[in-house]
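Colleague:
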Amino acid sequence: MSRLEKMKAWLQTAPALSDTDTDIMVDYTDDVPGSAGLFPSGTQEVSRTRDVLGNVRLVCRDTFAVYLRWPYFPDSETLQTSEEVLEQLADWIREQSAARTAPVFGDDPIPESITVGQGRLWGAEDGSSVYSITVTLTYIQIHEGGYNPWLI
Amino acid sequence: MADLTFNTPAGQTIARELLIAYLNTGTSSAPTWKAIGRRVSDSSAEYDFGKETAQDVLGNTFTTMKRPTITQTFDPAPLDAGDNALVKLWNLAIKDQDFNALSNQDCLIVHTYAGTTGSVFAERYDGCAISITSLGGEGGGTIGMPIEVTYGGTRTTGTASVADGVVTFTAD
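So the protein sequences, as listed, match chains A and B. Quick note on numbering: the first sequence equals residues 8 to 159 in our numbering. Quick note on numbering: the second sequence equals residues 14 to 185 in our numbering.
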């Protein structure tokens with residue numbers, strides 16, 4: 008399973024998104040309130056270290072933007088509810104990462120982390136609003152020195 | 014013994030992973046060599062030749078040296094259930110605190126860049142002292158068990174070969 012698939016499946020289990028009507032889509036958010044979209048922005052290699060045996064350890068970072076479309080009524084109760092859902096989603100992600108109950112994305116689960124960036128109202132029109140939140144995944148990739156037959 | 018040549022291309026530097034230290038996790042007569050240094054990004058064997066320099070009353074300088082004492086540190090050496098060398102050392106040092114055994118470990122240094130490919134230069138030290146310098150690490154991180162090896166005992170030179178995942182040492 009790719010990291011994108013894993014992230015999508017995991018976010019789908021977030022209690023804050025239980026009201027989401029459809030599956031989270033990739034690179035697209037439907038116009039229907041209750042829809043959600045996951046927008047990956049690639050992998051950044053943060054660091055690369057090679058141990059004395061030739062094994063390479065990469066620290067990588069994937070960033071995803073999560074877009075959520077909800078009904079939009081310019082009253083304080085609706086807007087506050089939307090912001091609270093965003094807050095619940097962010098808290099849930101942080102809790103899962105801190106408790107190490109989030110899925111493992113790389114080759115070494117211990118140093119992995121999933122952090123949440125700012126969430127905000129992205130735009131509102133035609134009775135629906137789009138909120139976004141940034142999720143950053145930091146994980147380890149290990150490339151064994153398999154080319155070296157002396158590594159026993 | 015005739016000088017050895019390096020088996021790497023001339024004009025190229027030699028990759029660090031072509032110098033490998035092994036710990037014998039088997040027995041003396043039927044050794045099982047396990048490479049040390051997984052996840053250790055920097056480790057060098059330090060050679061102390063005990064160099065002493067003196068100057069006589071006429072101003073002449075004389076220097077003496079001894080057979081070297083070789084020490085090598087592997088830090089942080091994170092614990093890993095799949096690393097048989099670290100598991101063995103953890104049992105000896107942490108569980109049993111068996112300092113006698115720790116000071117009589119069997120190590121092999123293989124210079125895979127020297128000699129002919131398939132039969133490279135190696136040196137075996139049958140009485141190495143391996144000390145654990147600490148055990149732990151920062152919260153949220155991993156358990157590290159840095160080790161320091163002082164190569165000692167009888168030094169036997171020879172050649173090493175590898176086949177089917179098994180390193181074999183042959184004494185000269």
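Backbone N, C-alpha and C define an ideal beta-carbon position, used for all residues, glycine too.
State yes or no: is the beta carbon of A:I121 nearer than 7 Å to at least one beta carbon in chain B?
Modeller: No, A:I121 lies away from the interface with chain B (no Cβ there is under 7 Å from its Cβ).
Colleague: Whether or not the segment 133-140 of chain B and the segment 148-159 of chain B are in contact is what I'm after, with contact meaning three or more pairs of Cβ atoms, one per stretch, closer than 8 Å; do they touch?
Modeller: The segment 148-159 of chain B is not in contact with the segment 133-140 of chain B.
Colleague: Sorted by chain position, which residues of the same chain lie with C-beta nearer than 7 Å to B:L179's C-beta, five sequence neighbours on each side aside?
Modeller: The amino acid at residue 179 of chain B is misidentified as Leu; the sequence shows Val. Result list for B:V179: empty, nothing under 7 Å.
Colleague: What does A:P156 touch in chain B if you count any residue whose Cβ is under 7 Å from its own?
Modeller: In chain order: V175.
Colleague: For the segment 40-57 of chain A, enumerate the residues whose C-beta is nearer than 9 Å to any C-beta of chain B, in chain order.
Modeller: Those would be T56, R57, in chain order.
Colleague: Should A:G126 be labelled buried (16 or more other beta-carbon atoms within 10 Å of its own) or exposed?
Modeller: The residue in question, A:G126, is buried, as its Cβ has 16 or more Cβ neighbours within 10 Å.
Colleague: In its own chain, which residues sit with a C-beta less than 8 Å from the C-beta of B:T172, not counting the 5 before and 5 after it?
Modeller: Excluding sequence neighbours, B:T172 sits near G128, S132, V133, F134, A135, F182, T183, D185.
Colleague: Closer than 6 Å by C-beta to A:N62: which residues in its own chain qualify, once you throw out the five before and the five after it? Chain order, please.
Modeller: If we look at A:N62 and ignore the five residues flanking it on each side, its Cβ neighbours are E151, G152.
Colleague: To which residues does DSSP link A:L75 through a beta bridge?
Modeller: A:L75 is bridged to A:A43, A:Y138.
Colleague: Excluding five sequence neighbours on each side, which residues of the same chain lie with their C-beta closer than 8 Å to the C-beta of A:Y35?
Modeller: Answer for A:Y35: G44, listed in chain order.
Colleague: Tell me whether B:R80 is buried or exposed, calling it buried when 16 or more other Cβ atoms sit within 10 Å of its Cβ.
Modeller: Burial call: exposed.
Colleague: Listing by chain order, which chain B residues have their CB less than 7 Å from the CB of A:L60?
Modeller: Those within 7 Å of A:L60 in chain B are E30, I33, A48, G50, R51.
Colleague: Buried or exposed: where does B:Y35 fall if 16 or more other Cβ atoms within 10 Å of its Cβ makes it buried?
Modeller: The residue in question, B:Y35, is buried, as its Cβ has 16 or more Cβ neighbours within 10 Å.
Colleague: B:I49 lies in the beta strand (DSSP E); which residues open and close that run?
Modeller: Residues 46-49.
Colleague: Looking at the unbroken beta strand (DSSP E) that takes in A:E132, where does it start and where does it end?
Modeller: Residues 120-132.
Colleague: Shortest alpha-carbon distance to A:E12 belongs to which of A:V53, A:I31, A:A105, A:V142?
Modeller: Nearest of A:V53, A:I31, A:A105, A:V142 to A:E12, Cα basis: A:I31.
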